[in-house]
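Visitor:
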Amino acid sequence: MNKHNKPKFRIGDTVVVTIYGTVGKITEIKTIDGEFFYEVNDSEGLFKEKTLELLDTYEGYIFEQEQIDIEYKFLFGDLVIVRGYENDLFKIVGFRTEIWRYKEDAWEEVIYELMRVSDGEWLEANEEELTLIADVEQAEAFIRKYGLVFPGKNEEQPLLLQNSGEDKMVWIDQLLDYYNDNKLLYQLFSDEKYLKKMEYILEQLRQQSVQIVKEKE
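Under the numbering used here, the first residue of the sequence shown carries the number 428, and numbering increases by one thereafter.
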């Protein structure tokens, strides 16, 4: 049985957890087998009265806790390219924060764990090495739309789809879509092969336009 009928501390009291030297506020009080137990800072654990002391009366050592706010630039499922691997597309599958503390210096570094979309190969990189291509909400749509024309290690994409007899206006729409695909890839990677494809597609569009004009004459 507890020696007194009322708890020594009240909700909202600022106390020191003497076994750790940490400071917190009482957020809940529970009674178990007639003994009072205290929840501090909404933590899952409970402390006995003898392990707590009001901050105002505590004379021991207080461990200074450091609060670190980490802002993550990339999230699970985001699609990125990595410095040095510009011809590959990676997906964020995990990340961790490394905290470095020295006597006269301190910093935090976020390390991202990546999976290459083409073959599942695993890679690690920091934020400075990554460029966002599509966030998680747009990732699957991006892969469906650009996956077949995204540059890979050992693949050469066909320069242009062949006209299979569709209506010429539909064919022109397809040419424009393919032009926009290559324009995006050129903007991402500055690879001349995409610029050459764009030039070739424009020539195809000019030929189609001339043909349509002749047919109308």
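Cβ coordinates follow ideal geometry from the N, Cα and C atoms, glycine included.
If you're wondering where the values come from, they're calculated on a predicted model, not measured in any experiment.
(1) In chain order, what residues of the same chain lie with their CB nearer than 6 Å to the CB of N427, ignoring the 5 residues before and after it?
(2) Looking only at its own chain, which residues have a Cβ that is under 8 Å from the Cβ of N553, when we skip the five neighbours before and after it?
(3) Span of the beta strand (DSSP E) holding G451?
(4) Going by Cα to Cα distance, which pick from Q601, V467, V443, R510 is closest to T558?
(5) Check D515 in the structure and name its three-state DSSP category.
(6) Between which two residues does the beta strand (DSSP E) containing V544 stretch?
(7) With three or more beta-carbon pairs closer than 8 Å as the criterion, would you say the stretch 439-447 touches the stretch 464-479?
(8) Count the other CB atoms within 10 Å of the CB of E583; is the residue buried (16 or more) or exposed (fewer)?
(9) Express the C-alpha separation of K435 and E556 in angstroms, rounding to a whole number.
(10) Tell me which same chain residues have a C-beta within less than 6 Å of the C-beta of F457, skipping the five on either side of it?
(11) Inspect the beta-carbon positions of L502 and A566 and report whether they are closer than 7 Å.
(12) For D515, I'd like the list of residues in its chain whose CB is within less than 6 Å of its CB, leaving aside the five on either flank, ordered along the chain.
(13) Which residues mark the beginning and the end of the beta strand (DSSP E) in which F464 is found?
(14) Let me make sure I understand the geometry here. Which of D618, G448, E619, S545 has the alpha-carbon closest to that of R571?
(15) Check R437 in the structure and name its three-state DSSP category.
(16) Locate the beta strand (DSSP E) running through T445, then write down its first and last residues.
(17) Does K518 pass the burial test, meaning 16 or more other C-beta atoms within 10 Å, or should it be called exposed?
(18) For V507, which residues does DSSP report across the bridge?
(19) Beta-carbon within less than 6 Å of F616's beta-carbon, same chain only, minus the 5 sequence neighbours each way: which residues are those?
(20) Is it buried or exposed, G487, if we count other Cβ atoms within 10 angstroms and call 16 or more buried?
Guide: Working from what's here:
(1) No answer is possible for residue 427: it lies beyond the span of the chain, which begins at 428 and ends at 644.
(2) Taking the sequence shown and counting its residues from 1, the one referred to as residue 553 is at position 126. Closer than 8 Å at Cβ, skipping near neighbours: E536, V537, I538, Y539.
(3) In the sequence shown, counting from the first residue as 1, residue 451 sits at position 24. Per DSSP, G451 belongs to the beta strand (DSSP E) from 449-459.
(4) To locate residue 558, count along the sequence shown from 1; it is residue 131. Ranking Q601, V467, V443, R510 by Cα distance to T558 puts R510 first.
(5) Counted from its first residue, the sequence shown places residue 515 at position 88. If DSSP states are grouped into helix, strand and coil, D515 belongs with the strands.
(6) Position 117 of the sequence shown holds residue 544. First-last for V544: undefined, no H or E at that position.
(7) yes
(8) Within the sequence shown, numbered from 1, the residue matching residue 583 stands at position 156. Only weak support exists for where E583 lies, its pLDDT of 40 falling under 50; the coordinates are left without a value.
(9) Looking up residue 556 in the sequence shown gives position 129. Looking up residue 435 in the sequence shown gives position 8. One C-alpha to the other measures close to 54 Å.
(10) As a first step, residue 457 must be located in the sequence shown, where it is residue number 30. Note that residue 457 is Lys in the sequence shown here, rather than Phe. Excluding positions up to five away in sequence, the list reads F464.
(11) Locating residue 502 in the sequence shown gives position 75, where the first residue counts as 1. Locating residue 566 in the sequence shown gives position 139, where the first residue counts as 1. No; because the gap between Cβ atoms is not below 7 Å, this pair is not in contact.
(12) As a first step, residue 515 is located in the sequence shown; it is residue number 88 there, counting from the start. Hits under 6 Å: R543.
(13) If you number the sequence shown from 1, residue 464 lands on position 37. It spans 462-467 - the beta strand (DSSP E) in which F464 sits, taken as one unbroken run.
(14) Start at 1 with the first residue of the sequence shown, and residue 571 comes out as number 144. R571 has its Cα closest to that of S545, out of D618, G448, E619, S545.
(15) Start at 1 with the first residue of the sequence shown, and residue 437 comes out as number 10. In this structure, R437 counts as coil in the three-state DSSP scheme.
(16) Taking the first residue of the sequence shown as 1, we reach residue 445 at position 18. No beta strand (DSSP E) holds T445; DSSP gives it neither H nor E.
(17) The residue given as residue 518 occupies position 91 in the sequence shown. Label assigned to K518: buried.
(18) For this step, residue 507 is matched to residue 80 along the sequence shown. In the DSSP output, where bridge partners are listed per residue, V507 has F517, L559.
(19) Reading the sequence shown from its first residue, position 189 is the one you call residue 616. Once the five neighbours on either side are set aside, the close Cβ partners of F616 are E513.
(20) Position 60 of the sequence shown holds residue 487. Per the 10 Å Cβ criterion, exposed.
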